[in-house]
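Participant: Let me begin by handing over the structure; questions about it come next.
Protein chains: 2
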Amino acid sequence: MSLTDSQDVLARVEREKEGYLEELKDYLRIPSISTDPAYRDEVLRCGAFLRDKMLQAGLEAELIETDGHPLVYGEWLGAPGKPTILFYGHYDVQPADPLELWRHDPFEPVVEGDELVARGATDDKGQSYAHLKAVAAVLAERGKLPVNVKFIVEGEEESGGEALESFVRQDAGRKLACDCVVISDSAMYAPGQPSLLYGLKGMTYVELKVTGPDRDLHSGSYGGAVANPGNVLAYLIARLRDAETGKVLIPGFYDKVRPLADWEREEFARLPFDEEAYRRSIGVPELFGEEGYTTLERAWARPTCDVNGIFGGYMKEGAKTIIPSWCGAKVSMRLVPDQDPHEIARLFEDYVRSIQPKGVTLEVISHHGAEPVLIETEGPLVEAAMAAMADVWKKPVRVREGGTIPIVSTFSKVLGVPILLLGFGLADDRLHSPNEKFNVSNFYGGIRAIVRLLDRAGAIA
Amino acid sequence: MSLTDSQDVLARVEREKEGYLEELKDYLRIPSISTDPAYRDEVLRCGAFLRDKMLQAGLEAELIETDGHPLVYGEWLGAPGKPTILFYGHYDVQPADPLELWRHDPFEPVVEGDELVARGATDDKGQSYAHLKAVAAVLAERGKLPVNVKFIVEGEEESGGEALESFVRQDAGRKLACDCVVISDSAMYAPGQPSLLYGLKGMTYVELKVTGPDRDLHSGSYGGAVANPGNVLAYLIARLRDAETGKVLIPGFYDKVRPLADWEREEFARLPFDEEAYRRSIGVPELFGEEGYTTLERAWARPTCDVNGIFGGYMKEGAKTIIPSWCGAKVSMRLVPDQDPHEIARLFEDYVRSIQPKGVTLEVISHHGAEPVLIETEGPLVEAAMAAMADVWKKPVRVREGGTIPIVSTFSKVLGVPILLLGFGLADDRLHSPNEKFNVSNFYGGIRAIVRLLDRAGAIA
């Protein structure tokens with residue numbers, strides 16, 4: 140399979156790409172802020188815009204109503220016997236404030252050099268629209284596709300909506316049946332260096348509340364005579380992780396952790412990674428993590444136990460002399476396969492109760508969990524995707540990530556197919572921040588990569 | 140020395156006591172709220188009222204201007220060769236809000252049974268005015284006093300003013316030279332059971348701030364790769380005290396602690412104290428404190444190390460997944476003689492720096508300190524005071540307290556004389572709260588006790 144097989148479509152993309160960019164700008168002009176009810180109509184208008192673009196491309200397309208914002212679904216199933224690729228994306232965007240930090244109206248896209256600046260440019264309108272324009276270009280050029288395609292694009296990714304999750308679970312792989320899912324909602328490892336993201340952490344998020352006296356007490360009158368919830372909370376948290384080795388001390392915590400494979404440690408070690416630049420970029424005096432692992436291994440592939448917030452008693456300026464009635468903390472544990480978020484929550488609670496000092500009561504509240512996921516990194520479709528990215532840039536590096544994308548584990552579990560996380564963004568895209576941008580060259584590169592993926596997948600024997 | 144020696148004055152007090160109560164009501168009608176600038180004129184009017192009452196009693200009296208509210212000073216020095224007693228009190232009061240919780244106007248005193256209800260009734264106008272009325276009664280009856288007396292009554296005790304502190308230090312025992320100080324601004328151990336408060340704790344109050352990354356980081360992307368300021372803060376606090384034994388672990392912390400004397404442990408053990416009722420009154424499942432000590436010993440005579448507040452990262456509802464840039468805590472150590480607040484602050488800082496995990500920076504801020512104080516519990520004036528209290532109620536019990544009254548240690552250090560903390564209040568006086576009260580019988584009892592103190596002190600050979 141050589142590049143010449145896609146030459147017809149790639150030439151069309153090259154001729155028409157500025158038109159694609161104009162379409163993307165129209166898409167970006169719709170302020171589809173899902174989290175703000177004031178923008179509800181705009182979100183609806185945005186979903187309809189996308190459905191219309193799917194229809195114009197030659198797909199069958201519809202809006203699927205949900206309890207929240209509608210899903211946009213499209214399909215072209217005219218290649219019987221060939222693989223089916225499901226493209227996922229989201230058409231909603233983050234709020235744009237603080238507005239005063241934007242160089243332009245966040246919903247009036249401006250091209251500055253290679254950068255298309257607008258809210259949603261990279262997250263995820265620009266990346267996801269590359270999927271559609273690739274499919275549209277093939278259909279326009281050839282009247283048919285080498286594979287079957289489906290699109291499912293949601294409207295509440297940025298607002299924590301459950302619509303897609305429920306839809307995927309209820310659908311149970313009927314409408315969404317496919318051979319792989321392609322998601323472009325992440326960044327390349329470095330400019331010009333694409334990556335295949337194959338591992339995401341899961342999460343157990345808990346809140347600890349330690350209660351002592353039924354009200355704040357005078358620390359003079361009662362100090363020394365009662366357990367102090369602040370001291371007790373600190374004790375419990377301190378017992379979660381070894382301060383020297385960084386190991387989590389909850390019994391059983393590591394039992395189901397799948398060790399890093401040799402090839403992973405080797406590939407991670409080969410990645411260009413400037414530890415000193417990383418340290419400087421976050422302003423810490425020194426890096427710290429679990430003994431026996433590199434920084435990338437710690438961040439991508441080892442479970443964590445972190446305080447996200449801690450609070451209680453007198454928190455303002457100056458000195459107030461009280462024994463707080465209660466203190467609390469929010470603690471997240473990022474999990475790796477095959478840790479189970481519910482089991483980890485239980486182990487956490489059992490452990491803190493087993494070491495709980497006397498004189499206080501303890502509440503453990505489970506906020507939410509997400510399953511860790513490791514995606515197949517082998518097989519013909521994975522290889523087709525890797526090769527398609529290499530056709531445009533260079534051979535992708537296989538990476539994992541410390542973050543959690545709940546829909547990935549849902550897709551993986553319900554559909555049982557590889558999830559190809561092919562990011563076209565860059566690390567400096569400022570997503571969720573003012574002046575969000577997407578490199579125009581990456582938009583075009585993404586379209587070309589998907590064209591190649593379609594052709595390569597269609598050529599699988 | 141028998142009660143008959145004071146019979147003349149005690150009979151006058153009995154005849155005139157209702158008039159004294161009316162005077163106290165006038166004093167209470169002046170809303171001398173020192174902390175609220177809107178009441179500045181009332182505070183001044185209140186100081187002038189008290190000065191005039193001193194003049195009417197036959198003292199020389201004046202207002203001493205300060206940077207804050209004036210001090211009221213009075214003296215009668217017509218007993219050469221006899222002891223000089225300095226009476227301390229304060230004429231300012233706490234704010235009265237929340238007003239809606241008062242049964243009456245807080246500044247329109249109402250007698251309900253034995254209770255005189257008004258802001259300042261017990262804290263400290265009522266208690267301190269008993270001093271003046273005792274002196275006035277003796278002068279009215281006999282035209283002279285058996286001892287020399289001085290009064291220093293301040294107007295910013297409730298607003299943390301420094302005026303009296305500076306005055307005492309600058310005066311350096313000239314104008315305020317005396318043989319003992321009498322303070323009535325506390326409660327009896329129980330109704331009918333007076334106490335002599337001879338020990339107060341000091342304090343070292345510090346704030347710890349642990350800083351990691353220069354901003355909050357995504358706990359997925361960076362978790363495991365950097366030290367978490369919340370975890371580190373908890374570790375540092377957990378290392379301050381042994382969770383099992385309640386011992387403070389700062390090296391040198393106990394070096395200068397004066398052990399409880401045998402007589403103290405014996406007297407404390409004999410005090411009526413219902414541990415179960417105490418536990419219930421503060422709503423804790425169990426009491427907890429330093430191994431080897433009783434609850435009263437812990438609260439009164441052993442140093443503490445308590446979290447007063449802890450904060451950092453995400454402190455609101457729900458879950459936010461960050462590694463906080465910093466976390467902090469406020470920690471107070473209540474000290475006992477002969478611990479030095481500055482030395483303890485230094486030991487604290489040296490210790491936390493010596494155990495500081497890597498990957499963070501640590502700030503230790505010293506808020507303020509106060510010296511612990513133990514007052515002479517022997518000697519003729521102390522015995523005279525104990526006997527005077529016994530004349531009215533019963534033999535006082537000697538008690539200590541966990542709280543800090545900075546002016547006591549200043550008096551003690553600058554004047555070098557016993558400080559007699561003779562409380563006429565009761566534990567249920569609701570000071571600083573709505574419906575503050577002072578028992579009328581304790582007002583009269585206080586006057587009689589001071590009359591007896593004057594006579595007993597005058598009889599010292």
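So the sequences go chain by chain: F and H.
This note's numbering runs 139 ahead of the 1-based position in the first sequence.
This note's numbering runs 139 ahead of the 1-based position in the second sequence.
The C-beta atom is built at its ideal place from N, Cα and C for all residues, glycine as well.
Being a predicted model, the structure only gives us computed values, none of them experimental.
#1: Helix or strand or just coil, what does DSSP make of E155 of chain F?
#2: Under 8 Å by Cβ, that's how I've got L592 of chain H and N581 of chain H pegged, so tell me the actual separation to the nearest angstrom.
#3: Going along the chain, which residues of the region 363-376 of chain H sit with their C-beta nearer than 9 Å to a C-beta in chain F?
#4: Is Y601 of chain H close to chain F, meaning its C-beta is less than 9 Å from at least one C-beta of that chain?
#5: Report the neighbours of D353 of chain F on chain H: residues whose CB is nearer than 7 Å to its CB, in chain order.
#6: In this structure, how does DSSP classify F563 of chain F when only helix, strand and coil are distinguished?
#7: Evaluate H357 of chain H with the Cβ neighbour count: other Cβ atoms within 10 Å of its Cβ, from every protein chain shown; 16 or more gives buried, anything less gives exposed.
#8: Could you list the residues in the region 481-510 of chain F with a C-beta less than 8 Å from some C-beta on chain H, going in chain order?
#9: May I ask you to list, following chain order, the residues of the region 431-454 of chain F that have a beta carbon less than 7 Å from some beta carbon of chain H?
#10: In the region 317-337 of chain F, which residues sit with their C-beta less than 9 Å from some C-beta in chain H, listed in chain order?
#11: Measuring straight from C-alpha to C-alpha, what distance separates C466 of chain F and Y393 of chain F?
#12: Mind checking the region 524-542 of chain H against chain B and listing, in chain order, the residues whose C-beta falls within less than 8 Å of any C-beta there?
#13: Pick out the complete alpha helix (DSSP H) segments inside the region 444-520 of chain F, 4 residues or longer, and give them in chain order.
#14: List the residues of chain F that A468 of chain H touches, going by C-beta distances under 9 Å, in chain order.
#15: So which residues on chain H does Y583 of chain F lean against when the C-beta distance must stay under 9 Å?
#16: Decide if F141 of chain F is buried, meaning its Cβ has at least 16 other Cβ atoms within 10 Å, or exposed.
#17: On the DSSP bridge list, what partners appear for Q332 of chain F?
#18: Are the region 327-339 of chain H and the region 494-506 of chain H touching by the rule of at least three beta carbon pairs closer than 8 Å?
#19: Apart from the five residues just before and just after I461 of chain F, which ones in its own chain have a Cβ nearer than 8 Å to its Cβ?
#20: Is there at least one Cβ from chain H nearer than 9 Å to A257 of chain F's Cβ?
#21: Quick check for students: name the residue ranges of the alpha helix (DSSP H) that lie wholly in the region 516-595 of chain F, counting only runs of 4 or more.
#22: Tell me the DSSP bridge mates of C319 of chain H?
#23: Using the three-state DSSP reduction, which class does V286 of chain F fall into: helix, strand or coil?
#24: Hey, quick one: how far does the beta strand (DSSP E) through L240 of chain F stretch, first residue to last?
#25: State the beta-bridge partners of R380 of chain F as determined by DSSP.
#26: For M193 of chain F and chain H, any beta-carbon pair shorter than 9 Å?
#27: Any chance the region 261-270 of chain H sits against the region 555-564 of chain H, with 3 or more Cβ pairs inside 8 Å?
#28: In terms of residues, what are the limits of the beta strand (DSSP E) holding T261 of chain F?
#29: What residues match up with A257 of chain H in a beta bridge as DSSP calls it?
#30: Is it true that the region 380-400 of chain H meets the region 477-493 of chain H, where meeting means three or more beta-carbon pairs spaced less than 8 Å apart?
#31: Counting Cβ pairs closer than 8 Å, one from the region 191-200 of chain H and one from the region 208-217 of chain H, do we hit at least three?
#32: State buried or exposed for A600 of chain F, treating a residue as buried only when at least 16 other CB atoms are found within 10 Å of its CB.
#33: Could you name the residues of chain H that K340 of chain F contacts, counting a contact when the two beta carbons are closer than 7 Å?
#34: Around the C-beta of S171 of chain H, are 16 or more other C-beta atoms found within 10 angstroms, so that it is buried, or is it exposed?
#35: Hey, out of H:S493, H:E296, H:A598, whose CA is closest to H229 of chain H's CA?
#36: Considering only residues of the same chain and omitting the five flanking positions on each side of R168 of chain F, which have a CB-CB separation below 6 Å?
Facilitator: Here's the rundown:
#1: helix
#2: Actually they are not in contact, since the Cβ atoms of L592 of chain H and N581 of chain H sit about 16 Å apart, beyond 8 Å.
#3: G363, A364, V365, A366, N367, P368, G369, N370, V371, L372, A373, Y374, L375, I376
#4: Since the first residue shown for chain H is 140 and the last is 600, residue 601 of chain H is missing from the structure and cannot be characterised.
#5: I421, G422
#6: coil
#7: exposed
#8: P496, K497, G498, V499, T500, H506, H507
#9: T434, R437, A438, R441, T443, D445, V446, N447, G448, I449, F450, G451, G452, Y453, M454
#10: none
#11: 28 Å
#12: Note that chain B does not occur in the displayed structure, where the protein chains are F and H.
#13: 480-494
#14: G369, A373, I449, G452
#15: None at all; the shortest Cβ gap to chain H is about 27 Å.
#16: Looking at the sequence shown, residue 141 of chain F is not Phe but Ser. By the 10 Å Cβ count, S141 of chain F comes out exposed.
#17: F:A329
#18: no
#19: D355, L356, H357, S358, G452, Y453
#20: no
#21: 519-531, 545-554
#22: H:I224
#23: coil
#24: Here L240 of chain F belongs to no beta strand (DSSP E), and DSSP marks it neither H nor E.
#25: F:V387
#26: no
#27: yes
#28: Note, T261 of chain F: premise wrong, no beta strand (DSSP E); not H, not E.
#29: Beta-bridge pairing links A257 of chain H to no other residue.
#30: yes
#31: yes
#32: exposed
#33: G359
#34: buried
#35: H:E296
#36: F246
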